[in-house]
Every structure is written in C-alpha cells, then in structure tokens.
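Residue numbers (UniProt numbering): 1 to 285. The beta-carbon is built from N, C-alpha and C at its ideal position, and this holds for glycine as well.
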C-alpha cells in the first residue's frame, strides 16, 4: 500500500506541475479515483484488527457524527451496532473486496478519457515535429522504473518488512484500552493533520474532505497562456513550497496533540489551502 501511494502521489504531483488538470474529464475521474483508493486503503488498514486498526476505525467512522441531524444514525448504520465490532469488520472486509473492482472500472474510464485527449507532455505543447517512437525509448524507461521499484520493494520485504508498520497494531484490538497516540498510516497523515488543526468537529471534517476535493478546482482556476508551470518561475516556487508543506503536515500528523504542534499544524493548513488561491493569481502576472 505504501508503494502504491508513493506512485499515486507522484502521479498527482506531476499532473499538478505539468498542467494535466486541463484535461477536465480525465482529471475529475482521477480525483474520484484518489478518493476510492484512499477509502479502499483505509478499510484494508482496519482488517488486521489490531489496536491501531480498531481505534482508527472508531475515530474515522465517528467523523460521520458531525453530519447535522443524521450523524449519530449514520455512524450506527456504518458500525452495524452501537460500537465498532464484528459487524463493522465484516462490512469493511466486503467493501475492501468490492472497491478494487470499482477502482478498476474507474481506471478504465480514466484511460478512455486520456486516449480521447492524448497524454500531456513536459512542454504542454502539441507539435507535429520532433516526434520519437514510443518503443523502445519509453518501454525502456518504464522497464527501468518498474525494476527499480520492484528491487526496493523486495529489499524492504526481505530486510525490514515491518519498517512502515505501526508497532501498536501488533497488539490485538481491545476496546477497553485506548492507545496513547492514535494515528493513521503515513499516507493519510497530511489529511489527518488538517483534520486535527480545526477545533470544530464539522469544520475539521469539511477541511479533511476539501484537502483532496480542492484538486477539482484546478481546471477552472488556471487561465494561463501555457499549460503547466515550466514557464512560470514564481509558480514553480509555490509548487515546491506546497510539497514542503505536505511533508511537514505528514510529520505534524504523527506528533501528539500538544503545543507547539497544534499551532504549527494550523499555520501549515492555512498555507496548504492558500496555495490554491495564490497559484492562479501568480499565473496572471
């Protein structure tokens, strides 16, 4: 899952940098795909039924209680009872099995739209000259990338398979003992930090959803003459600043809820959302 999300975040980052979001349908389906994959990963994280799995499921499903009027009933409906229990685990297992098929179907739609518009390129320009054949150049690059990732994955699996795991998750789930510090897997930590930075529960849930859904506004806010940021040095600085902000949010998400981490998380959250306002403004300069 960790390697999958590394590739996924690199793909999203590349799309933001090179302006792939200008292909509207492809980008929108891609953002929906990101939500589906994150949902699948979360449900998969619950299945080991360790302490972090149990309490992670309890915390995240309780976010639904922030929905006005329907919140409590919605949470109990998801749980299948009055607490996270075997019924919840069975439901999550079912969805974890079914969702990958929906992800596969959405991926086919994603590729269908991509084939209609054609892939993006680093210059963001369509040219009838200076073309090179796909094979063997890109085939070779893909093989090198595949072998590199496979080698790292094999080394990690053989030498330190528990490196990216949480030690608390080796303890069987116990509803009577709450872990000192509950945190999700590293690939959710930036969103978790944004959730924690908002004092209001409903506001936190909205910020959590917006941290991903805000990607959908990119095609509508970019009115630049050139696709991507290759010819906009200020926007390049903003993009790399966003990358640093996301890394810092990931770090903050793994810290306890205490000073100075709370205030730093709130500042980083403001900066994260400010990027999506400043970036289109800088493109017009």
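Hey, residue i and residue j: beta-carbon distance below 8 Å or not?
| i | j | result |
| --- | --- | --- |
| residue 50 | residue 170 | yes |
| residue 195 | residue 215 | no |
| residue 27 | residue 21 | yes |
| residue 253 | residue 192 | yes |
| residue 110 | residue 29 | yes |
| residue 32 | residue 105 | no |
| residue 47 | residue 5 | no |
| residue 249 | residue 275 | no |
| residue 282 | residue 238 | yes |
| residue 25 | residue 113 | yes |
| residue 99 | residue 39 | yes |
Please check the pair residue i and residue j, which I expect to be a contact at CB under 8 Å, by giving their CB distance rounded to whole angstroms.
| i | j | result |
| --- | --- | --- |
| residue 36 | residue 144 | About 29 Å; that fails the 8 Å criterion. |
| residue 79 | residue 87 | 7 Å |
| residue 41 | residue 1 | 5 Å |
| residue 280 | residue 222 | 6 Å |
| residue 8 | residue 34 | 7 Å |
| residue 168 | residue 52 | 5 Å |
Near residue i, which residues of its chain fall below 7 Å by C-beta distance, leaving aside the five closest residues on each side in sequence?
| i | result |
| --- | --- |
| residue 153 | 3 |
| residue 66 | 201, 202 and 205 |
| residue 75 | 61, 62, 64 and 65 |
| residue 257 | 196 |
| residue 55 | 178, 179 and 182 |
| residue 286 | Outside the displayed span of the chain (1 to 285) sits residue 286, for which this structure offers no information. |
| residue 71 | 64 and 65 |
| residue 173 | 49, 50, 51, 53 and 54 |
| residue 264 | 252 |
Can you list, in chain order, the residues of its chain whose CB lies under 6 Å from that of residue i, leaving out five sequence neighbours each side?
| i | result |
| --- | --- |
| residue 44 | 96 |
| residue 266 | 197 |
| residue 164 | 2 |
In terms of residue numbering, what span does the alpha helix (DSSP H) encompassing residue i cover?
| i | result |
| --- | --- |
| residue 180 | Residue 180 -> no alpha helix (DSSP H), and no H or E assigned at all. |
| residue 14 | 2-17 |
| residue 201 | 201-213 |
| residue 225 | Here residue 225 belongs to no alpha helix (DSSP H), and DSSP marks it neither H nor E. |
| residue 237 | 233-253 |
| residue 280 | 261-283 |
| residue 170 | First-last for residue 170: undefined, no H or E at that position. |
| residue 192 | 189-197 |
Can you find the residues in the same chain that come closer than 8 Å, C-beta to C-beta, to residue i, ignoring five residues on each side of it along the sequence?
| i | result |
| --- | --- |
| residue 59 | 182 |
| residue 284 | 223 and 224 |
Go through the stretch 21-52 residue by residue and report every complete run of the alpha helix (DSSP H) that reaches 4 residues or more, in order.
-> 24-46
Residue ranges of each beta strand (DSSP E) run of no fewer than 3 residues wholly in the stretch 71-145, ordered along the chain?
-> Whole beta strand (DSSP E) segments, 3+ residues: zero.
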